[in-house]
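>
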Amino acid sequence: MNLVQRLLAASRRRLIALALRGDRVACPLCERRYRRFQRDPAGYDAFCPRCGSRARHRVLWLALERSGIPARPGLRVLHMAPEHGLEARLRALPGVRYLSADLAHPRAMEHFDLEEIPHEDAGFDLVVCSHVLEHVADDDRAIGELRRVTAPGGDLLVMVPFDPTREATLEDPAVVAAEERRAAYWAEDHVRLYGRDLTERLAAPGFAVEMDRFAVDCDEATRARYGLRRDEVLFRCRPTG
Numbered sequence: 000m001n002l003v004q005r006l007l008a009a010s011r012r013r014l015i016a017l018a019l020r021g022d023r024v025a026c027p028l029c030e031r032r033y034r035r036f037q038r039d040p041a042g043y044d045a046f047c048p049r050c051g052s053r054a055r056h057r058v059l060w061l062a063l064e065r066s067g068i069p070a071r072p073g074l075r076v077l078h079m080a081p082e083h084g085l086e087a088r089l090r091a092l093p094g095v096r097y098l099s100a101d102l103a104h105p106r107a108m109e110h111f112d113l114e115e116i117p118h119e120d121a122g123f124d125l126v127v128c129s130h131v132l133e134h135v136a137d138d139d140r141a142i143g144e145l146r147r148v149t150a151p152g153g154d155l156l157v158m159v160p161f162d163p164t165r166e167a168t169l170e171d172p173a174v175v176a177a178e179e180r181r182a183a184y185w186a187e188d189h190v191r192l193y194g195r196d197l198t199e200r201l202a203a204p205g206f207a208v209e210m211d212r213f214a215v216d217c218d219e220a221t222r223a224r225y226g227l228r229r230d231e232v233l234f235r236c237r238p239t240g
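Sequential numbering of the sequence shown, starting at 0, is according to numbering that gives the first Met the number 0.
In structure tokens:
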């Protein structure tokens, strides 16, 4: 997206935000309030008209606020596949040393493969990895790398497409066609659909794993206020040993 396109997109967001002024819903990322969130044309999600946050981004930030992690001074943060609204909040933390990374996205500060992170052991106090692992060919290796760079006492926050009715993660190398992947994994660029064994997969390289079910268990009024989806869960992983 060139400069003109970015300026036009920003102007459009401001106009939509003005049109949706109100107080029925609130975005915890940009702290703006609206009559309603901007609707996804596909009906799947609701976007903040100001910062563009989706339901999963709001779930993640609310989890961070409840954890107390943002209050820690001088956090070293690795943010994979950075989302605009979440990036802005993380960069604003006091004394933070923030790094964003992606395989190819031009907005990221560094570009590398999650299976081979070019940073030192225990180099980060907080690693945010939301909706990335379902794209990675060797996710066991990637999770091992995430464990290696997460410092003792630090946290890795993971979100993925997750089917709680499925005991084992579904992954089949024979599923390659776009329509087959959409049917099996919910999107054509995914290579697996995680099941309840995700906790064990994350724990394998040395994490204690806790599932955060706030969006599932909170009351309907809270869910509506923050525009949350009931199927969004977060996995908080802390190094052991």
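Built from N, CA and C at the ideal position, the CB exists for glycine as well.
#1: For the alpha helix (DSSP H) containing Phe111, list its first residue and its last residue.
#2: Is Glu114 closer than 9 angstroms to Ala136 when the C-beta atoms are compared?
#3: DSSP on Tyr184, reduced to helix/strand/coil?
#4: Suppose you measure from the CA of Asn1 to the CA of Ala9; what does that come to, to the nearest Å?
#5: Ignore the nearest five residues each way along the sequence and tell me which others in Leu201's own chain have a CB closer than 7 angstroms to its CB.
#6: If you run the structure through DSSP and keep just helix, strand and coil, what is Leu201?
#7: Hey, out of Ala220, His78, Thr149 and Asp188, whose CA is closest to Phe206's CA?
#8: Using C-beta distances below 7 angstroms, list every residue in its chain close to Ala54, excluding the 5 sequence neighbours before and after it, in chain order.
#9: Is the beta carbon of Ala87 sitting closer than 9 angstroms to the one on Leu28?
#10: Quick one: what's got a C-beta closer than 7 angstroms to His134's C-beta in the same chain, skipping five residues either side?
#11: Do you know offhand how far Glu178's Cα is from Val95's?
#12: In chain order, what residues of the same chain lie with their CB nearer than 8 angstroms to the CB of Ala244, ignoring the 5 residues before and after it?
#13: Among Ala223, Pro93 and His78, which has the Cα closest to the Cα of Arg23?
#14: Is DSSP giving Arg38 helix, strand or coil here?
#15: Helix, strand or coil, according to DSSP, for Glu166 in the structure here?
#16: How would you write the range of the alpha helix (DSSP H) that Glu209 sits in, first residue to last?
#17: In whole angstroms, give me the CA-to-CA distance for Gln241 and Arg65.
#18: Excluding the five sequence neighbours on either side, which residues of its own chain have a C-beta within less than 7 angstroms of the C-beta of His83, listed in chain order?
#19: Taking all protein chains shown into account, do 16 or more other C-beta atoms lie within 10 angstroms of the C-beta of Gly153, making it buried, or fewer, making it exposed?
#20: For Glu144, count the other beta carbons within 10 Å of its own beta carbon; 16 or more makes it buried, fewer makes it exposed. Which is it?
Based on what the coordinates show:
#1: Position 112 of the sequence shown, counted from the start, is the residue given in the question as residue 111. Careful: Phe111 lies outside any alpha helix (DSSP H) and carries neither H nor E.
#2: In the sequence shown, the residue the question calls residue 136 occupies position 137. In the sequence shown, the residue the question calls residue 114 occupies position 115. Yes.
#3: Indexing the sequence shown from 1 puts residue 184 at position 185. Collapsing the DSSP output to three states places Tyr184 in a helix.
#4: Here residue 1 is taken as the residue at index 2 of the sequence shown, counted from 1. Here residue 9 is taken as the residue at index 10 of the sequence shown, counted from 1. For Asn1 and Ala9, the distance between alpha carbons rounds to 12 angstroms.
#5: Position 202 of the sequence shown holds residue 201. Excluding sequence neighbours, Leu201 sits near Ile142, Val157, Val208, Phe234 and Cys236.
#6: Here the question's residue 201 lines up with position 202 in the sequence shown. Helix, per DSSP.
#7: For the purposes of this step, residue 206 is taken as the residue at position 207 of the sequence shown. Comparing Cα-Cα distances from Phe206 to each of Ala220, His78, Thr149 and Asp188, the minimum goes to Thr149.
#8: Counting from 1 along the sequence shown, the entry for residue 54 is found at position 55. Cβ neighbours of Ala54 beyond the five flanking positions: Asp44, Ala45, Gly226, Leu227, Arg228 and Glu231.
#9: Within the sequence shown, residue 87 is the residue found at index 88, counting from 1. Within the sequence shown, residue 28 is the residue found at index 29, counting from 1. Closer than 9 angstroms, so yes.
#10: One-based indexing of the sequence shown puts residue 134 at position 135. Around His134: Asp188, His189 and Val190.
#11: In the sequence shown, the residue the question calls residue 178 occupies position 179. In the sequence shown, the residue the question calls residue 95 occupies position 96. Rounded to whole angstroms, Glu178 to Val95 spans 42 angstroms at the Cα level.
#12: Look at the range of the chain in this structure, 0 to 240, and you will see that residue 244 is not part of it.
#13: Here residue 23 is taken as the residue at index 24 of the sequence shown, counted from 1. Ranking Ala223, Pro93 and His78 by Cα distance to Arg23 puts Ala223 first.
#14: As a first step, residue 38 must be located in the sequence shown, where it is residue number 39. Correct three-state label for Arg38: strand.
#15: As a position in the sequence shown, residue 166 is number 167, starting the count at 1. Glu166 falls in the coil class under three-state DSSP.
#16: Along the sequence shown, read from residue 1 onward, the residue named residue 209 stands at position 210. Segment Phe206 to Asp211 is the beta strand (DSSP E) holding Glu209; no alpha helix (DSSP H) there.
#17: The structure shown has nothing for residue 241, since the chain only spans 0 to 240.
#18: As a position in the sequence shown, residue 83 is number 84, starting the count at 1. If we look at His83 and ignore the five residues flanking it on each side, its Cβ neighbours are Cys50 and Gly51.
#19: In the sequence shown, counting from the first residue as 1, residue 153 sits at position 154. Counting Cβ neighbours within 10 Å, Gly153 comes out buried, since at least 16 surround it.
#20: Stepping through the sequence shown from its first residue, residue 144 is reached at position 145. Glu144 should be labelled buried.
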